[in-house]
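Chains as they are written, first to last, in this note's numbering: chain G, 50 to 161; chain U, -17 to 467. Using N, Cα and C, we set each Cβ at its ideal position, and we do this for glycine too.
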Amino acid sequence: MLPISYGTAIIVFCIGLYTILSKRNLFKTVIGLSLMEGGVLMLITSSGYVPGGVPALLPFAGGEPVNPLPHSFTLTAIVIGAADVALALAFIIKIHRRYGTVDIDKIRGLRG
Amino acid sequence: MNPVLAIVAPFLAAFTIPLFFVFRKRWIGSSIVLFGILSALLSLFVAAGGERAVVMGGWNPEVGITLVVDSLSTAFLILAALGFSASLSAATEAFGYGPWRFYVLFFLSWAATNGIILTGDLFNLFVFFEIFSVAAYLVVAYPPRSWQAIEAGFKYLIFGTVGALFLLIGIAYAFMATGQLNMAILARVLPRAPETTLSVVIGCLVVGLFIKSGTVPGHFWLPDAHSSAQTPVSALLSGVFVKVSLYALIRLTFLLFGNADGRVFFVLLLFGTVTLCLGHLMAFQQEDIKRLLAYSTVAQVGTIVIAIGCASAGGIAAAVYHAFNHMAAKMGLFLVAGVLAEDRASRDIAQMRGLFRHRPLFVLAFCLFAASIAGIPPLNGFMSKWFLLVAAAERGALIPAAAVVAGTVLSAAYYLRAITAFFSPAETEPPHLRPHPVTGAIVMLLALLGLVLALAPYIDPLREGLLAVGSDTSSGARYIGRVLQ
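Here it is, written out as structure tokens:
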């Protein structure tokens, strides 16, 4: 059960990293960022899982609750990630207005 | 004084300036100056208040977020306060008080910088890193009319976010392995984790911090961001922003992995050496003066990473000392280069001929700073490189030490190229000669700071302070004891 969720998270992270490294389209780069973030968040969320655990809500229905701490990290990180993606998209709009393209190779400044 | 004030004061500034814009437009200028002075003074008071650890909200260290002031954070708080005040003064002269959004971002990055320096909690470190980075991307991309700056900001954003995600995944692994996030507790329990886990945690954290600080595989954003940003921002980037990531690198490597795994320091030595060589070689080829200075910053980051990689008290002392020297000299260089480039309306070194006759004091200051960065003997850059070479020799790291010495020669060569241009006769008069009284005063103060730093090994309190930073940080026992007392 658990190894599959961890493995999925790492695979999603790596797909995101590969997207950033290989794609020449700025939008795809941002999609890659979102994928990487999703991978990390999946990993953090699944790390709080307790086999057979119940949701950590008061009052307890009985049984062992899952660890709620990773969930709060995830919420914080989602907010931060949203800010990053929004900023990236705003930059892309500005770049597109100047060059009329979102292809990295055709944008002069983004070299070396 | 509660250390949180050093974080709250700049945040207060950042969130009050928009209110002034809505309700009292005339107060914006004076409020920016007052908030700048307040933030700098509070940072310095917190730094001067002695070592302590405060858990916010009165929780246990296991649960609450700890703010720690120890000798290393004291040193970097002072560095940040000096760097931010100098950049703020230069920015008020360069931009005026009209673009209040810039100052909002400026104060946000200041608050987050102080937060990174003070926090004792790993996840809180990540949050502050992201506040700092988002503000930094926008500060680099200011003003929004400049396309180069927008592109540099975007590039910085992509690299910075990838770095942050590596940092986050490292933090996640550390949390999964131990269930703790407090750095002092982690320092005790993390070495008990399996060796593979530890390697992965170290790898992720170090890769993230390498990208954030501009060490070689992740340095591509640094020259673009430095050369495309406005002059006060370039000075700030080089003087403070890069150093903050290096602070986190010093803190995490020594606290979490200092006793556990010595291999991380070999990696630091290796990448530091590569960064140093590549930075100097690339700087040698640049025609644009700000790109030259930016690649020189890459090389100096490599120097500091080598100093951290020496894994000894002397190495840390050298790293901190060099961080201060580089801050003083490189901020001065960027400010002078900005003024001179504005005179010529060009950043091309070949266009910079004959400027000595027009701005003799600025050019002389440039020579002083360049000599200091290159490491000419009586100046501060030489002193810190000497400390570094001693530490590297004690560690037995002879190739990095040789690279530092060779880099000194190379940097002297490329700085001399710029200086030769300044002193050679001009074909044309520079088109404009706007006076820069504030920038001139800051450059003079930075030169004075450099001279004081050059004497630091002979001034007892400063020398003892530097050595104390080294010995406290390299063992980490004092930090852990203070948090968990």
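Residue -12 of chain U - DSSP class collapsed to helix/strand/coil: helix
Of the residues U/26, U/102, U/161 and U/8, the one placed nearest residue 48 of chain U, counting alpha carbons only: U/102
Taking only the alpha-carbon atoms, compute the straight-line gap between residue 379 of chain U and residue 287 of chain U and give it to the nearest angstrom. 13 Å
Please identify the residue among G/81, G/77, G/53 and G/72 whose C-alpha is closest to the C-alpha of residue 64 of chain G. G/81
Residues of chain U with CB closer than 8 Å to the CB of residue 76 of chain G, please, in chain order. None at all; the shortest Cβ gap to chain U is about 12 Å.
In the DSSP assignment, the alpha helix (DSSP H) including residue 135 of chain G goes from what residue to what residue? 118 to 148
Given a cut-off of 9 Å on the beta-carbon distance, is the pair residue 12 of chain U and residue -5 of chain U in contact? no
In this structure, how does DSSP classify residue 52 of chain U when only helix, strand and coil are distinguished? coil
Taking the C-alpha atoms as reference points, what is the distance between residue 161 of chain G and residue 202 of chain U? Unreliable positioning characterises residue 161 of chain G in this predicted model, as indicated by a pLDDT of 43, which lies under 50. The coordinate reading is nonetheless provided below. Looking at the two C-alpha atoms, the distance is approximately 7 Å.
DSSP on residue 332 of chain U, reduced to helix/strand/coil? helix
Determine the DSSP secondary structure at residue 104 of chain G, reduced to helix, strand or coil. coil
Can you list, in chain order, the residues of its chain with a C-beta nearer than 6 Å to that of residue 448 of chain U? Leave out the 5 residues immediately preceding and following it. 299 and 303
Determine the DSSP secondary structure at residue 183 of chain U, reduced to helix, strand or coil. helix
Could you name the residues of chain U that residue 18 of chain G contacts, counting a contact when the two beta carbons are closer than 9 Å? Nothing about residue 18 of chain G can be reported from this structure: the residues present for chain G run from 50 to 161 only.
Hey, does residue 92 of chain G have any beta-carbon neighbour from chain A nearer than 9 Å? Considering every chain present, this structure includes no chain A. Its protein chains are G and U.
So which residues on chain G does residue 112 of chain U lean against when the C-beta distance must stay under 8 Å? 129, 132 and 133
Examine chain U for any beta-carbon lying closer than 9 Å to the beta-carbon of residue 161 of chain G, and answer yes or no. Low confidence applies to residue 161 of chain G: its pLDDT is 43, below 50, so where it sits in the model is not reliable, and the reading given next is rough at best. True, the Cβ-Cβ gap to chain U drops below 9 Å.
Taking the alpha helix (DSSP H) that residue 445 of chain U falls in, what are its first and last residues? 442 to 457
How many angstroms separate the CA atom of residue 25 of chain U from the CA atom of residue -13 of chain U? 8 Å
Helix, strand or coil: how does DSSP classify residue 22 of chain U here? helix
Short of 8 Å in beta carbon distance, which residues of its chain neighbour residue 108 of chain U, apart from the five on each side in sequence? Order them along the chain. 146, 149, 150 and 153
Tell me, please, whether the CB atom of residue 109 of chain G is closer than 9 Å to any CB atom in chain U? no
Distance between beta carbons of residue 346 of chain U and residue 353 of chain U, contact taken as under 8 Å: No, residue 353 of chain U and residue 346 of chain U are not in contact; Cβ-Cβ is about 11 Å, not under 8 Å.
Tell me which residues share the same chain as residue 249 of chain U and place their Cβ nearer than 7 Å to its Cβ, disregarding the 5 neighbours each side in the sequence. 188
For residue 370 of chain U, which option in U/104, U/297, U/275 and U/465 has the closest C-alpha, if you only look at C-alpha atoms? U/297
Excluding sequence positions up to five away, which residues of its chain have a Cβ less than 6 Å from the Cβ of residue 138 of chain U? 119, 122, 203 and 207
Contact list for residue 69 of chain G against chain U, beta-carbon separation under 8 Å: 140 and 144
Where DSSP assigns a beta bridge to residue 74 of chain G, which residues make up the other side? G/152
Can you name, in chain order, every residue of its own chain whose Cβ lies under 7 Å from the Cβ of residue 458 of chain U, other than the five neighbours on each side? 169, 236, 237 and 240
Where the segment 113 to 126 of chain U meets chain G: residues whose CB sits under 9 Å from a CB there: 113, 115, 116, 119, 120, 123 and 126
In chain order, what residues of the same chain have a beta carbon less than 6 Å from the beta carbon of residue 95 of chain G, not counting five sequence neighbours either side? 54
Can a CB atom of chain G be found closer than 9 Å to the CB of residue 97 of chain U? no
Identify each residue in the segment 146 to 172 of chain U for which the Cβ-Cβ distance to at least one residue of chain G is less than 7 Å, and report them in chain order. 147, 150, 151, 154, 157 and 158
Euclidean distance between Cα positions of residue 127 of chain G and residue 90 of chain G: 8 Å
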